[in-house]
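A.B. asks: One structure, pasted below without further comment.
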Amino acid sequence: MSLDRALAPDPYDVLPPVPSFTVTSTDVTDGQPLDELFAHTSVGGKNLSPQLSWSGFPDETRGFVVTCFDPDAPTGSGFWHWVLVNLSVSVTSLDRGVDPVPEGAFCVRNDYGEQNYGGSAPPPGDRPHRYVFAVHAIDVDRLEVTPDASPAYVGFNLAFHTLARATLRPTFQVRA
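Have a look at this one:
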């Protein structure tokens, strides 16, 4: 079976534009392959979330949401790896493998069906997948969502509350 297909658009290119700010990582480099530490255990990884730090967000920011999305998954709807909601405005970094998550925050169910970070695991032999790590600065202390919310529902809520967004886009590939 061939997985040849058109390149999916960047998910944030199809949303209303918002200002950007800075996200950095000691673990992830924009446009470069992810280390296997951050891959799912099903492909030999450790399923650790990478370290992230952010700055330069708007003064009006009242909270953050951190997401990781693979637009290249052969699903027609991409694949959500991580949706961490309701981070306090005082939280401006996450350690590698953050567990537990900061007080007041929680993960909604990812596309693995788990409420945590789910590492990269593209189909063996497929082209490199892009993993869009995004930090969303929001205008409310917390999104009115529950841990059982879908990533799409969180995204819908983010459309009305995002002040600015910072992204890193590493890649990952599993050789055939």
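Quick note on the working numbering: the sequence shown kicks off at 512 and runs consecutively.
Ideal Cβ placement from N, Cα and C applies to all residues, glycine included.
Just so it is clear, the structure is predicted and the values come from calculations on it, not from any experiment.
1) Under three-state DSSP, which class holds Gly666?
2) Pull the bridge partners of Val576 from the DSSP assignment, please.
3) Just to confirm the assignment: which complete alpha helix (DSSP H) runs, minimum length 4, are found wholly within the segment 529 to 585?
4) Verify the contact flag: Cys618, CB atom, against every heavy atom of the ligand ADP, threshold strictly below 6 Å.
5) For the segment 670 to 684 and the segment 544 to 564, state whether three or more C-beta atom pairs, one from each stretch, are separated by less than 8 Å.
6) Which residue's Cα is closest to the Cα of Phe568: Arg641, Ala675 and Val594?
7) For Ser604, which residues does DSSP report across the bridge?
8) Just the C-alpha distance for Val643 and Ser601, rounded to the nearest angstrom, thanks.
9) Does Ala687 pass the burial test, meaning 16 or more other C-beta atoms within 10 Å, or should it be called exposed?
10) Is Val525 helix, strand or coil when you go by DSSP?
C.D. replies: The structure says:
1) helix
2) His647
3) none
4) Among the components modelled here there is no ligand, and therefore nothing to report on the ligand ADP.
5) yes
6) Ala675
7) Ser564
8) 23 Å
9) exposed
10) helix
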